[in-house]
Amino acid sequence: MFLFLICQRNMLSLKAAPTTTIVKTIHSRNPNTGPLLLFSKYQGRINCPCSYFFASVSVKHSSMMHSSMMHSSCSPIKAMSAKEAATEAHYVLKPNSESSSSGSKKALISLSDKKDIAFLGNGLQDLGYTIVSTGGTASTLESAGVSVTKVEQLTCFPEMLDGRVKTLHPHIHGGILARRDQKHHMEALNKHGIGTFDVVVVNLYPFYDKVTSTGGIEFEDGIENIDIGGPAMIRAAAKNHKDVLVVVDSEDYPALLEFLKGNQDNQQFQGNLHGRLFNMLLPMILQFQWLWKQTVGDKFPPSLTVPMSIQSFLRYGENPHQKAAFYVDKRLAEVNGGGIATAIQHHGKEMSYNNYLDADAAWNCVSEFRNPTCVIVKHTNPCGVASRDDILEAYRLAVKADPVSAFGGIVAFNTEVDEALASEIREFRSPTDGETRMFYEIVIAPKYTKKGLEILCGKSKTLRILEAQKNEKGKVSLRQVGGGWLAQDSNDLTPEDIQFNVVSENAPQESELRDAEFALLCVKHIKSNAIVIAKNNCMLGMGSGQPNRVESLRIALRKAGDEVKGAALASDAFFPFAWKDAVEEACESGIDVIVEPGGSIRDGEAIDCCNKIIFTQCSLSGIASTACVMYDLVQTIANIKLSTADTYVGSHRRYPLTPSAYPKKIHFLDSGSSFDVSRALYITYTRLPNVVFTASAQNDLAIPVVLNIVLVRSNKVLFICSATPFYCGMYVTVNCLLIPSC
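Structure representation (structure tokens):
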């Protein structure tokens with residue numbers, strides 16, 4: 000006895016490996032559906048889902064037909080003989096009732112990262128779940144002893160296009176998307192023979208691992224790592240999260256099994272899953288941003304998305320009344336792209352909002368240098384930077400640069416912290432008094448020896464010790480403004496990427512050029528207006544955050560002190576003025592080299608200033624009239640012929656500087672020549688802030704005082720002379736100006 004049936008086009012879901020019930024058709028009354036015939040004794044895992052109308056009919060024989068007559072995509076179907084094919088009598092599988100929408104609970108598993116998959120599969124199987132899975136995932140589950148229904152058995156459609164199409168089928172997405180509380184949804188499932196999924200476990204192709212791996216990735220490989228089916232299932236499950244549990248992280252497997260056993264709070268558990276779910280969905284947009292960059296060549300696509308996942312809640316923000324949290328950029332964190340976000344904290348208190356800002360500034364700065372370097376940061380600004388072959392010496396010099404600011408700062412190294420360096424950090428005394436042990440908030444390094452880490456941990460219970468990796472280059476830098484964001488390429492340029500153009504008449508020596516490069520690396524990490532003075536690979540002083548460049552210069556000069564002579568100066572932007580401004584003051588202080596980006600309409604004045612200012616320090620002995628000797632020096636040594644058209648100003652340090660002390664005219668020597676002082680007044684004032692013009696330069700000085708002479712012609716300084724009686728010697732320095740260009 001067999002059954003007469005008409006096969007409809009709609010497909011019905013069957014449970015895994017049902018026992019086949021053989022039925023026979025005579026002629027299909029549906030012209031859109033071809034007849035099917037199955038061997039009556041075949042007992043395979045044939046899940047060829049179709050829906051039928053049944054009627055009884057008697058048949059005397061059953062056989063096989065040629066496979067070319069078949070209209071089913073299920074591979075286990077066997078071919079029949081050509082003779083019986085002519086009868087157009089066909090056999091089909093009767094659907095098992097347990098595989099319909101009213102069947103047992105089912106879990107869909109499709110994983111790229113198969114971590115803990117055996118634990119998950121066996122746990123679900125023990126709870127009575129039927130597991131449906133895709134190719135590689137199914138094979139891994141089966142090797143772990145888990146019974147699996149492959150997706151193609153459920154859909155009756157094989158994987159195709161090199162695996163690009165696996166789960167994009169109504170039997171998959173209908174079972175995920177159907178709302179259980181909607182009667183017409185469930186009726187539609189019953190009509191089409193589609194079963195529901197109760198659990199969906201999916202993770203995606205390792206796109207970030209591929210496209211950000213060392214050396215990059217070929218374009219075609221990147222394309223193949225753009226996941227299609229995975230995100231579609233996740234989105235479907237997310238849309239129907241009320242009825243479907245969605246798991247995208249292996250860390251949630253134990254909690255999932257506990258929840259299915261009834262041991263987890265429903266609302267809290269699903270809330271945690273949903274948070275991870277949407278974190279998984281967001282990065283998908285970045286694949287299209289990558290595709291845009293690869294095909295269009297523009298780093299800035301029409302829309303920009305940054306996938307961030309929360310790493311920690313902070314005690315407070317920049318101020319105590321502000322709530323705060325720390326998020327990591329999944330694009331970099333998932334591939335350990337370097338930076339503070341992926342740093343390992345070995346010891347100390349939890350990081351605060353300001354700690355993250357300062358640590359990031361310190362790590363970014365120290366990562367610039369190739370030689371062993373120490374950087375100390377306070378409030379995101381480097382206050383001490385030094386490079387030496389001996390990292391211990393570099394640390395001491397970095398602290399010495401500004402020991403007051405270094406106290407309570409962040410110390411960063413670009414080399415391993417060993418036992419010797421850790422001991423130096425732990426016991427080092429402040430240079431200000433030689434007694435106070437230096438205190439730091441954070442120490443950062445790329446690596447620590449076991450003993451070095453142990454010593455540092457003993458310095459303080461609160462000292463935060465971070466191990467960080469160098470930042471990856473080529474990132475996009477973002478900065479928030481009201482209602483929007485500014486995006487730009489990260490500033491990855493180093494002195495090796497910049498061509499230095501010597502625009503002054505005097506070229507720098509090799510040592511001076513190295514100092515200029517070092518200063519430029521430092522000033523890159525200081526808030527504008529930024530000035531750095533450096534010498535011998537050590538930052539001597541810096542000025543930052545001032546509304547004008549002159550004030551930043553004066554702060555840097557004060558920090559550098561007497562060591563400024565022969566140093567290099569770097570500015571983070573061009574000088575808007577030169578004369579009676581920063582360039583002139585820098586030259587007078589003894590700076591040998593100035594490096595700045597240029598671009599001012601007054602660049603010519605800055606160059607002219609450096610070319611024409613000559614510093615001459617004269618020490619004289621046995622001289623009755625200092626002014627007379629200086630007059631001779633001007634004409635003979637500097638080879639400048641004086642005339643009454645020149646402004647020649649003399650001064651000494653015996654009287655306070657007050658405007659009333661300035662004479663209208665200065666009478667010089669016995670010639671009786673008279674000079675207008677108005678044009679030279681500002682020059683002497685800015686250069687020599689603690690001196691006063693003398694009413695007459697003919698005074699014989701009875702005590703050793705410093706006498707300064709300034710020669711001005713056509714509003715430009717030609718000569719500056721500084722003299723001290725009873726000592727002998729003379730030095731002349733011509734300053735240089737460098738303007739770098741990319």
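Just so it is clear: in the sequence shown, position 473 is 472 by numbering that gives the first Met the number 0, and no numbers are missing. The beta carbon of each residue, even a glycine, is placed where N, CA and C say it ideally should be.
(1) Would M506 be called buried (16 or more neighbouring beta carbons within 10 Å of its own) or exposed?
(2) Given K460, which residues of its chain have a CB within under 6 Å of its CB, disregarding the five upstream and five downstream residues?
(3) Please name the residue or residues paired with F412 in a DSSP beta bridge.
(4) Can you give the Cα-Cα distance for G261 and V410, rounded to whole angstroms?
(5) If you compare alpha carbons, which of P319, G542, A340 is closest to M307?
(6) What is the C-beta distance between V582 and A518, in whole angstroms, given that I count them as a contact (C-beta under 8 Å)?
(7) Okay, do the segment 436 to 447 and the segment 398 to 412 touch, 3+ Cβ pairs below 8 Å being the bar?
(8) Quick one: does K348 have its CB under 8 Å from some CB of chain D?
(9) Assign D388 to one of three DSSP states: helix, strand, or coil.
(10) Please report the distance separating the alpha-carbon of V501 from that of S489.
(11) Given a threshold of 16 other Cβ atoms within 10 Å of its Cβ, counted over all protein chains shown, does R478 qualify as buried or as exposed?
(12) Can you give me the start and stop residues for the alpha helix (DSSP H) that F427 sits inside?
(13) Where are the beta strand (DSSP E) runs, 3 residues long or more, that stay fully inside the segment 235 to 267, in chain order?
(14) Only counting the same chain, and skipping five residues up and downstream in sequence, which positions put a Cβ closer than 6 Å to that of L303?
(15) Roughly how many angstroms separate the alpha carbons of H168 and E151, rounded to a whole number?
(16) Kindly list the residues whose CB is nearer than 8 Å to the CB of A177, restricted to its own chain and excluding five residues on each side of it in sequence; keep chain order.
(17) With I309 as the anchor, note down where its beta strand (DSSP E) starts and where it stops.
(18) If you count every other CB in all the chains shown that lies within 10 Å of the CB of S109, and 16 or more means buried, which is it?
(19) Output yes or no for whether 8 Å exceeds the beta carbon distance between A567 and D491.
(20) For S109, which residues does DSSP report across the bridge?
(21) E97 to T154, Cα distance in whole Å?
(22) Near F299, what residues of its chain come up, given a Cβ to Cβ distance below 7 Å and the 5 sequence neighbours on each side ignored?
(23) Can you name, in chain order, every residue of its own chain whose Cβ lies under 8 Å from the Cβ of P658, other than the five neighbours on each side?
(24) Sorted by chain position, which residues of the same chain lie with C-beta nearer than 6 Å to I554's C-beta, five sequence neighbours on each side aside?
(25) In this structure, does DSSP put G589 in helix, strand or coil?
(26) Over what stretch of residues does the alpha helix (DSSP H) that includes E141 continue unbroken?
(27) Going straight from the alpha carbon of L552 to that of K526, what length do you get?
(28) Please report the distance separating the alpha-carbon of A419 from that of K472.
(29) According to DSSP, is E550 helix, strand or coil?
(30) In the DSSP assignment, what are the bridge partners of E466?
(31) Would you give the residue range spanned by the alpha helix (DSSP H) that N353 belongs to?
(32) With a 10 Å radius around its C-beta and 16 neighbouring C-beta atoms as the bar for buried, classify A324 as buried or exposed.
(33) Could you check which residue in Q344, G560, Y352, Q310 has the C-alpha nearest to that of P319?
(34) Out of V198, S366, L160, state which residue places its alpha-carbon closest to the alpha-carbon of H174.
(35) Got a sec, what are the start and stop residues for the alpha helix (DSSP H) R513 sits in?
(36) Looking only at its chain, what residues have a beta carbon closer than 6 Å to the beta carbon of N363, apart from the 5 residues adjacent to it on each side?
If we stick to the structure as given:
(1) Taking the first residue of the sequence shown as position 1, residue 506 is located at position 507. Checking the sequence shown, residue 506 turns out to be Ala, not Met. Answer is exposed; the Cβ neighbour count stays below 16.
(2) Locating residue 460 in the sequence shown gives position 461, where the first residue counts as 1. Cβ within range, chain order: n/a, list empty.
(3) For this step, residue 412 is matched to residue 413 along the sequence shown. The partner list for F412 (beta bridge, DSSP) reads C373.
(4) Here the question's residue 261 lines up with position 262 in the sequence shown. Here the question's residue 410 lines up with position 411 in the sequence shown. Cα to Cα, the separation comes out at about 51 Å.
(5) Locating residue 307 in the sequence shown gives position 308, counting from the first residue. The residue with the shortest Cα to Cα distance from M307 is A340.
(6) Within the sequence shown, numbered from 1, the residue matching residue 582 stands at position 583. Within the sequence shown, numbered from 1, the residue matching residue 518 stands at position 519. Not quite, the Cβ-Cβ distance comes to about 15 Å (not below 8 Å), so this is no contact.
(7) Yes: at least three Cβ pairs fall under 8 Å.
(8) The structure shown contains no chain D; it holds only a single protein chain.
(9) Counted from its first residue, the sequence shown places residue 388 at position 389. Looking at D388 - three-state DSSP - the assignment turns out to be coil, as it is neither helix nor strand.
(10) Numbered from 1 along the sequence shown, position 502 holds the residue referred to as residue 501. Numbered from 1 along the sequence shown, position 490 holds the residue referred to as residue 489. Rounded to the nearest angstrom, the two C-alpha atoms are 27 Å apart.
(11) Walking along the sequence shown from the start, residue 478 turns up at place 479. Answer is exposed; the Cβ neighbour count stays below 16.
(12) Start at 1 with the first residue of the sequence shown, and residue 427 comes out as number 428. Taken as a continuous stretch (DSSP letters only), F427 belongs to no alpha helix (DSSP H), as it is neither H nor E.
(13) Positions of the beta strand (DSSP E) runs, each at least 3 residues long and wholly inside the segment 235 to 267, are given as 244 to 246 in order along the chain.
(14) By one-based count along the sequence shown, residue 303 stands at place 304. Non-local C-beta neighbours of L303 in its own chain, meaning closer than 6 Å and more than five positions away in sequence, are absent.
(15) Along the sequence shown, one-based indexing puts residue 168 at 169. Along the sequence shown, one-based indexing puts residue 151 at 152. If you take the alpha carbons of H168 and E151, they lie about 10 Å apart.
(16) As a position in the sequence shown, residue 177 is number 178, starting the count at 1. The answer, listed in chain order, is S100, H184, M185, A187, L188, I193, T195, N239, D242.
(17) As a working note, residue 309 is residue 310 in the sequence shown. Unbroken beta strand (DSSP E) run through I309: 307 to 313.
(18) Along the sequence shown, read from residue 1 onward, the residue named residue 109 stands at position 110. Buried, because 16 or more other Cβ atoms sit within 10 Å of the Cβ of S109.
(19) Along the sequence shown, one-based indexing puts residue 567 at 568. Along the sequence shown, one-based indexing puts residue 491 at 492. With respect to D491, A567 sits apart: the two C-beta atoms are not nearer than 8 Å.
(20) In the sequence shown, counting from the first residue as 1, residue 109 sits at position 110. Note: S109 sits in a beta bridge opposite V201.
(21) Residue numbering aside, residue 97 sits at position 98 when the sequence shown is read from its first letter. Residue numbering aside, residue 154 sits at position 155 when the sequence shown is read from its first letter. Residue placement at E97 cannot be trusted, given a pLDDT of 39 that sits under 50; the coordinates are not used to answer.
(22) Here residue 299 refers to the residue found at position 300 of the sequence shown. Excluding the 5 residues flanking it on each side, F299 has same chain C-beta neighbours closer than 7 Å at A486, in chain order.
(23) Here residue 658 is taken as the residue at index 659 of the sequence shown, counted from 1. Unreliable placement is indicated for P658, whose pLDDT of 35 sits below 50; the coordinate value is still reported in the next sentence. Contacts found: none.
(24) Against the sequence shown, residue 554 aligns to sequence position 555. Excluding sequence neighbours, I554 sits near G542.
(25) As a first step, residue 589 is located in the sequence shown; it is residue number 590 there, counting from the start. Reduced to three states, the DSSP call for G589 is coil.
(26) Taking the first residue of the sequence shown as position 1, residue 141 is located at position 142. Its alpha helix (DSSP H) spans residues 134 to 142.
(27) Residue numbering aside, residue 552 sits at position 553 when the sequence shown is read from its first letter. Residue numbering aside, residue 526 sits at position 527 when the sequence shown is read from its first letter. Computed Cα separation, rounded: 13 Å.
(28) If you number the sequence shown from 1, residue 419 lands on position 420. If you number the sequence shown from 1, residue 472 lands on position 473. Those two C-alpha atoms are separated by around 32 Å.
(29) For the purposes of this step, residue 550 is identified with residue 551 of the sequence shown, where counting begins at 1. Correct three-state label for E550: helix.
(30) Position 467 of the sequence shown, counted from the start, is the residue given in the question as residue 466. Its beta-bridge partners are I343, A444.
(31) Position 354 of the sequence shown holds residue 353. That run of the alpha helix (DSSP H) goes 352 to 365.
(32) For the purposes of this step, residue 324 is identified with residue 325 of the sequence shown, where counting begins at 1. Residue burial is scored here from C-beta neighbours: A324 has fewer than 16 other C-beta atoms within 10 angstroms and is therefore classed as exposed.
(33) Position 320 of the sequence shown, counted from the start, is the residue given in the question as residue 319. It is Y352.
(34) As a position in the sequence shown, residue 174 is number 175, starting the count at 1. The question names His, but residue 174 in the sequence shown is Gly. Checked all of V198, S366, L160; the closest Cα to G174 is V198.
(35) As a first step, residue 513 must be located in the sequence shown, where it is residue number 514. 509 to 522 is the extent of the alpha helix (DSSP H) around R513.
(36) As a position in the sequence shown, residue 363 is number 364, starting the count at 1. Cβ neighbours of N363 beyond the five flanking positions: none.
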